[in-house]
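Okay, so here's the structure we're looking at.
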Amino acid sequence: MTELQFTRAEDLPKTIHSGIARVDPEPLVGVWHNTDKATPGIVKLILSLRDGAFRVRAFGANGSTPHDWGEVGGVVYSGGVDSDQGMAFTASYQFGFLETTLAVYLKQGILVLDSFNAFDDQSGRNDYFSREFFYQQ
Amino acid sequence: MEEPRYTRNRDRSSLEVAQSNAYVEPSDLVGSWVNTNKSTRGIVRLILTEVDGTLMIRAFGASDPQPCDWGEVETSIYSIGVDSNKAVGFKALYDFQFMETVLAAYLNKRILVVDSYNTFKDESGRPRYFWRDHFHQ
């Protein structure tokens, strides 16, 4: 049997399998609200499954009517090579003038969201990072 | 002049006169970073350098007897807000052929928090996984 390739010790599982591994996104699915009611960032996330595919819909802070970013696909990650339970995801929004990458993980029932935002509109705004926390009702 | 577009309130600049050119300055991230956990199974060390305004990263994965040198790749850097020029976060992509690792990192009180989102492409049965490491200088 061929030895597994790895980049660090954590890449090596306790049990060897083969084929394509699936990560169950169920622990992430639901409606998530920002813990900060006055956030200038993302106010709400709807994480869902459609035909087995993980979907992300985010809403940006914008007065009394949040800005609906629409739905995009997300990629789900487990907590390690020996786990199949989803506990993190990434997703990317292309707004034309701005690209936002969401890098998100679940910790003790709180969803921790990092967003990496890169402008492409010559507006002089700097690319920026932000971190926000979400709870499920 | 056309009003800059936005996706959430955080995208708005508070400057009366917009910067003519966006620029994020990486010096706070530059240097050699060592994992706070001496027995990590993830990334043991990072070297961040600035080359012509681009932040480069060289990571070393936990492996016996020698750390695994991942080589050097470019990063994209991010400030803490649209009006800030100081880098506090970065993203980088390592493509190892058999797997792909996205690093999403930010600086918090001189601790560099590095999340890795890892996807195997070798049909070894290993699931995508998330991993977090903390580094000091």
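Protein chains in written order, with this note's numbering: chain D, 1213 to 1349; chain P, 66 to 202.
For every residue, glycine included, the Cβ atom is placed at its ideal position computed from N, Cα and C.
Collapsed DSSP secondary structure at residue i in the structure displayed
i, result
"residue 1262(D)", "strand"
"residue 289(P)", "Absent from the structure is residue 289(P), since the part of chain P shown begins at 66 and ends at 202."
"residue 149(P)", "coil"
"residue 1240(D)", "helix"
"residue 92(P)", "helix"
"residue 1221(D)", "helix"
"residue 82(P)", "coil"
"residue 1311(D)", "strand"
"residue 1234(D)", "coil"
"residue 1213(D)", "Only weak support is given to the placement of residue 1213(D): the predicted model assigns it a pLDDT of 49, under 50, and the value that follows is read from those uncertain coordinates. Residue 1213(D) falls in the coil class under three-state DSSP."
"residue 1229(D)", "coil"
"residue 1269(D)", "strand"
"residue 116(P)", "strand"
"residue 160(P)", "strand"
"residue 1329(D)", "strand"
"residue 101(P)", "coil"
"residue 1321(D)", "coil"
"residue 169(P)", "strand"
"residue 154(P)", "strand"
"residue 1249(D)", "coil"
CA nearest to the CA of residue i, picked from the options
i, options, result
"residue 1264(D)", "1287(D), 1309(D), 1325(D) and 1229(D)", "1287(D)"
"residue 84(P)", "1337(D), 1253(D), 1254(D) and 1325(D)", "1337(D)"
"residue 157(P)", "101(P), 100(P) and 165(P)", "165(P)"
"residue 1274(D)", "1322(D), 1256(D) and 1333(D)", "1256(D)"
"residue 1241(D)", "1314(D), 1300(D) and 1345(D)", "1300(D)"
"residue 196(P)", "1270(D), 1247(D), 1293(D) and 1260(D)", "1293(D)"
"residue 1216(D)", "181(P), 133(P), 188(P) and 110(P)", "188(P)"
"residue 1318(D)", "1305(D), 1297(D), 1311(D) and 1312(D)", "1297(D)"
"residue 104(P)", "120(P), 124(P) and 128(P)", "128(P)"
"residue 184(P)", "154(P), 116(P), 162(P) and 170(P)", "162(P)"
"residue 1335(D)", "87(P), 72(P), 194(P) and 131(P)", "87(P)"
"residue 74(P)", "1276(D), 1253(D) and 1277(D)", "1253(D)"
Run of the beta strand (DSSP E) containing residue i, from where it starts to where it stops
i, result
"residue 1345(D)", "1340–1348"
"residue 1290(D)", "1279–1290"
"residue 30(P)", "Nothing in the structure corresponds to residue 30(P), since chain P is present only between 66 and 202."
"residue 137(P)", "133–144"
"residue 126(P)", "119–126"
"residue 1293(D)", "Counting along the chain, residue 1293(D) falls outside any beta strand (DSSP E), and DSSP gives it neither H nor E."
"residue 1304(D)", "1298–1306"
"residue 183(P)", "176–185"
Any chain D beta carbon closer than 9 Å to residue i
i, result
"residue 91(P)", "no"
"residue 11(P)", "A question about residue 11(P) goes unanswered here, because the residues of chain P that appear run from 66 up to 202."
"residue 200(P)", "no"
"residue 154(P)", "yes"
"residue 130(P)", "no"
"residue 72(P)", "yes"
"residue 187(P)", "yes"
"residue 167(P)", "yes"
"residue 164(P)", "yes"
Any C-beta of chain P under 9 Å from that of residue i
i, result
"residue 1281(D)", "yes"
"residue 1257(D)", "no"
"residue 1238(D)", "no"
Using 8 Å as the cut-off, can you tell me whether the stretch 1321–1338 of chain D makes contact with the stretch 1229–1237 of chain D, which would need three or more C-beta pairs spanning the two stretches below that distance?
Verdict: no, contact absent.
Taking contact to mean at least 3 C-beta pairs separated by less than 8 Å, is the stretch 76–83 of chain P in contact with the stretch 145–164 of chain P?
By the Cβ criterion, the stretch 76–83 of chain P is in contact with the stretch 145–164 of chain P, since at least three pairs of Cβ atoms, one from each stretch, lie closer than 8 Å.
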